[in-house]
Amino acid sequence: MSVDMDVLEFDPSKINWDGLKTPYRFLIDTFVAIEKTTSRLKIIDCLTNMLRTITYHDPESVLPAVWLSSNAIAPSYEGIELGIGSQILTKAITSVSGASSKTLKQYYIKYGDWGDVAYAAKVSVRTLMEPKPLTVGKVYDTFISISKLRGLGVVDQKTNLVKKLLISCKGEEIRYLTRTLVQNLRIGAVKTTCLIALAHAFCLTRPTNMVIGEPLDDKNRLFVEDVSKESKDSLNTKLKAAEKLLKECYAQFPNYNGIVKCLLEHPIEKLLDFCHLTVGVPLRPMLGEITRDLGQVFKNFEGILFNCEYKYDGQRAQIHMDTNEKVTIFSRNLENMTDKFPDVVKLIPQICLNNVNSFILDCEIVAINPEGIIQNFQTLTNRSRKNVELSSITIPIHIFAFDLMYLNGESLLKKSLRERRELLRARFAEIPNRFTYVNHIETLDPEEIHLFFKESIEFGCEGIMIKILDDPPNNLENKIRMNLLTSYEPDKRIKSWLKVKKDYVDGIGDSLDVVPIAAWYGNGRKAGWWSPILLAIYNPDAETFEGVCKCMSGFSDEFYKELKSRYSQENDNISKQKKWYFDVDDSLRPDAWFEPIEVWEIKGSDITISPVYKAAIGKVDPNKGLSLRAPRFIRVREDKNIVDATTSKQLAELFYKQIKERKVEEFIEESENV
DNA sequence: TCTGATGCGTC
DNA sequence: GTCGGAC
DNA sequence: GTCCGACGACGCATCAGA
0 MSVDMDVLEF
10 DPSKINWDGL
20 KTPYRFLIDT
30 FVAIEKTTSR
40 LKIIDCLTNM
50 LRTITYHDPE
60 SVLPAVWLSS
70 NAIAPSYEGI
80 ELGIGSQILT
90 KAITSVSGAS
100 SKTLKQYYIK
110 YGDWGDVAYA
120 AKVSVRTLME
130 PKPLTVGKVY
140 DTFISISKLR
150 GLGVVDQKTN
160 LVKKLLISCK
170 GEEIRYLTRT
180 LVQNLRIGAV
190 KTTCLIALAH
200 AFCLTRPTNM
210 VIGEPLDDKN
220 RLFVEDVSKE
230 SKDSLNTKLK
240 AAEKLLKECY
250 AQFPNYNGIV
260 KCLLEHPIEK
270 LLDFCHLTVG
280 VPLRPMLGEI
290 TRDLGQVFKN
300 FEGILFNCEY
310 KYDGQRAQIH
320 MDTNEKVTIF
330 SRNLENMTDK
340 FPDVVKLIPQ
350 ICLNNVNSFI
360 LDCEIVAINP
370 EGIIQNFQTL
380 TNRSRKNVEL
390 SSITIPIHIF
400 AFDLMYLNGE
410 SLLKKSLRER
420 RELLRARFAE
430 IPNRFTYVNH
440 IETLDPEEIH
450 LFFKESIEFG
460 CEGIMIKILD
470 DPPNNLENKI
480 RMNLLTSYEP
490 DKRIKSWLKV
500 KKDYVDGIGD
510 SLDVVPIAAW
520 YGNGRKAGWW
530 SPILLAIYNP
540 DAETFEGVCK
550 CMSGFSDEFY
560 KELKSRYSQE
570 NDNISKQKKW
580 YFDVDDSLRP
590 DAWFEPIEVW
600 EIKGSDITIS
610 PVYKAAIGKV
620 DPNKGLSLRA
630 PRFIRVREDK
640 NIVDATTSKQ
650 LAELFYKQIK
660 ERKVEEFIEE
670 SENV
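Per numbering that gives the first Met the number 0, residue 0 is the first one in the first sequence, and the count goes up by one each step.
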């Protein structure tokens, strides 16, 4: 019986652990089976069979197994972090393997994966007694213990716990254990895949009358659904329904602790009765789809009314208030950010009009100056994050609300955007410079939308969001209608919310011509290729190339292969030694330096003031250079020579142009002197 | 008490 | 955050 | 269309070590 079998043939009862707890080995065997394939269906089947087996023999270990498979150990909003990286791993591995840290470094260059490094280093420490085989529960518990360590000497304490685990590993276990420690399991199964497997598992192997913590005797026994009696079609329908249910549940209650508990104690059909939208538990935010061609949108959705909103350059936030006026703030990735925004916590009760006693709203938090003028994203990131005192806040913020998901005990997810928007505007009070509804227009005229987009950029926004307000008329093709949901669809990126940013559109946005001057060895899928690649602009006065950013996005596999042959030892285009005319901070240590021989066009969403890069240093800030936010490769400029690359002066001008476009006064005067 | 390295969060 | 690859 | 994992710049929090 092996987990990579067809789910219909797999029989969890045939696996035997002699009544012991789930061996870690069993989980790892599953991961090994998963890594052999790239087929998602196959991956799901392996995980499904693994979870069924644990449910059958050792239900208490289902939850730890789910966490360990999903590359996490707790919901993000609980703030439980391992805090382990290369430093602690190197310490732990060197002390149990005898390999020097230099050797480990070489291994890391070779493999690009800490799990592979640990595996290659081989544990050589002998213990008096053979360590007991690891169990799933033991590994998970140790991870939780590690996450709780804090204060003086944590590095040593964590290192010791990691050492103990490493010593107890057998065979492949060390590879995946290490990967879990650095939160990079890399088995192609993160969120959705795990969720689907969980759904399938509890369809096929259903526990009943089970009480966690009590022995599985006759009174407290497992009932295993007899799948063989079902026709394949009807079973498939059931599995699909369960998938949908789990996804819907997770989107509004993203917490495996609650979900798995419920699945073990109740029939899967009851899941939403227990795990549903709840004040104090973040839902996964709805996302917008990247839109490059507005013309096509208007063609497809002709005659549909849009709500167009400014897309402010700040931080997405989900604000919850319960019936005791307790406010909680969650980030886009469901981290609890309440501590960072005591000013928001204080403000929130003031925005509630009569009869608002609990709610969840979606908004963008943006830095402003004392006059109420919007500041850029970098300003917002300068705020402290922990133990923030109200009196110590120096960077005020403005909340731009755009959606309402819950009000006074009722979920609004299924309501149309128009209804949700009306409630948001009717039941909450705007406070100038503090809390307002996003700037918006309601139109079906493409011209108006274009104009609105232009204004948004001038105002200092990233662009606009275009959202469907009402259910579209019936005469549209079904295919399009399907995607035009006006409900709030948590965790989905669908066509009813379109994201339009200036850098998506050809001809606008910051495009630079740069010279590749160095690179690192790629990891994982990109092992064997150069990735990322260090890029530079040209300073004609000093005749130097100034590092501006690294880039790893926008290259095709084919391009990587060509690049590897273009920059190799054979053709002498790489060297260990940095050239004297490369102006790059010593903190950047690429694996190879390139001959400067070609020019690439790259694009980014913003030019930033950089503490690391030297590009245009002294021209904007005496000690800091400039860099690029979200850089990506566009094409090779075969028509350009390396000295035709963007110059430091041009980059500084671009920076000032960006500032000017956004009407930020303090920089405009300086820009006259560039 | 300060500095630099590391981790982890935002985009 | 962007992007390309695999399904 | 969906999912995943290659990695980007940047800044605060934390801790080791001088």
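Don't be surprised by glycine CBs; every beta carbon is placed ideally from N, CA and C. Just so you know, these numbers come straight off a predicted model, no measurement behind them.
Distances from the CA of Asp509 to each of Lys453, Val437, Glu600, Arg565 were compared; the closest alpha carbon is that of Glu600. Residue state for Val499 is assigned as strand, using DSSP reduced to three classes.
The alpha-carbon of Phe654 is positioned some 29 Å away from that of Ser555. A direct Cα-to-Cα measurement between Asp505 and Phe376 gives close to 23 Å. Between Leu411 and Leu403 a beta carbon distance of about 6 Å is seen, short of the 8 Å cut, so the two are scored as contacting. Residue range 358-366 is occupied by the beta strand (DSSP E) that includes Cys362. Bounds of the alpha helix (DSSP H) holding Leu416 are 416-426.
With contacts defined as CB atoms closer than 8 Å, Leu270 and Leu244 qualify as a contacting pair.
In the DSSP assignment, Phe434 falls within the beta strand (DSSP E) that extends over 434-436. The Cβ-Cβ distance between Ala517 and Phe593 falls below 8 Å.
Around Thr93, the same chain offers Ser99, Ser100, Leu103 as residues with beta carbons nearer than 7 Å, after the five sequence neighbours per side are excluded. Look at Asn354 here: in three-state DSSP terms it is coil, with no helix or strand label.
Using a Cβ-Cβ distance cut-off of 8 Å, the segment 154-161 and the segment 81-97 are in contact, since at least three pairs of beta carbons, one from each stretch, lie closer than that value.
Secondary structure remark: continuous beta strand (DSSP E) runs of at least 3 residues inside the segment 483-533, in chain order: 492-500, 509-520. Here the alpha carbons of Thr134 and Gly170 stand approximately 14 Å from one another. Residue burial is scored here from C-beta neighbours: Pro431 has fewer than 16 other C-beta atoms within 10 angstroms and is therefore classed as exposed. DSSP, read as helix, strand or coil, puts Met320 in strand.
About 3 Å separates the beta carbon of Tyr139 from that of Pro63, a gap short enough to meet the 8 Å contact definition.
Rounded to whole angstroms, the Cβ separation of Ile536 and Ala651 is 10 Å, and the two are not in contact under 8 Å. The segment 443-452 makes contact with the segment 295-309: 3 or more CB pairs, one atom from each, lie closer than 8 Å. The beta carbons of Gly97 and Lys310 sit no closer together than 8 Å. With respect to the 8 Å criterion, Val343 and Ile398 are classified as neighbours on the basis of their beta carbons.
Straight across, the Cα-Cα distance linking Arg185 with Leu148 is about 26 Å. The three-state reading of DSSP puts Lys239 in helix, counting H, G and I together.
Per the C-alpha coordinates, the member of Gln251, Tyr175, Ile608 positioned closest to Asp28 is Tyr175. One thing to note: Ile456 has its Cβ no nearer than 8 Å to the Cβ of Leu497.
Looking at Phe434, Val365, Ile328, Tyr255, the one whose alpha-carbon comes closest to that of Val278 is Ile328. Taking the CA atoms as reference points, Glu488 sits about 48 Å from Ile641. Considering only Asn15, Asp321, Arg565, the residue with the shortest C-alpha distance to Pro348 is Asp321.
The criterion of a C-beta distance shorter than 8 Å is not satisfied by Leu533 and Pro595. With a 10 Å radius around the Cβ and a threshold of 16 neighbouring Cβ atoms, Lys453 comes out exposed. Counting the other Cβ atoms within 10 Å of the Cβ of Asp585 gives fewer than 16, which makes it exposed. Phe581 carries a strand assignment under DSSP once its states are collapsed to helix, strand and coil. Separation of Glu429 and Val259 (C-alpha to C-alpha, rounded to the nearest whole angstrom) is 41 Å. The beta-carbon separation of Tyr436 and Arg424, rounded to 6 Å, stays under the 8 Å limit for a contact. Beyond the five residues adjoining it in sequence on each side, Asn572 comes within less than 8 Å, by CB distance, of Arg565, Tyr566, Phe593, Glu594, Ile596 in the same chain, given in chain order.
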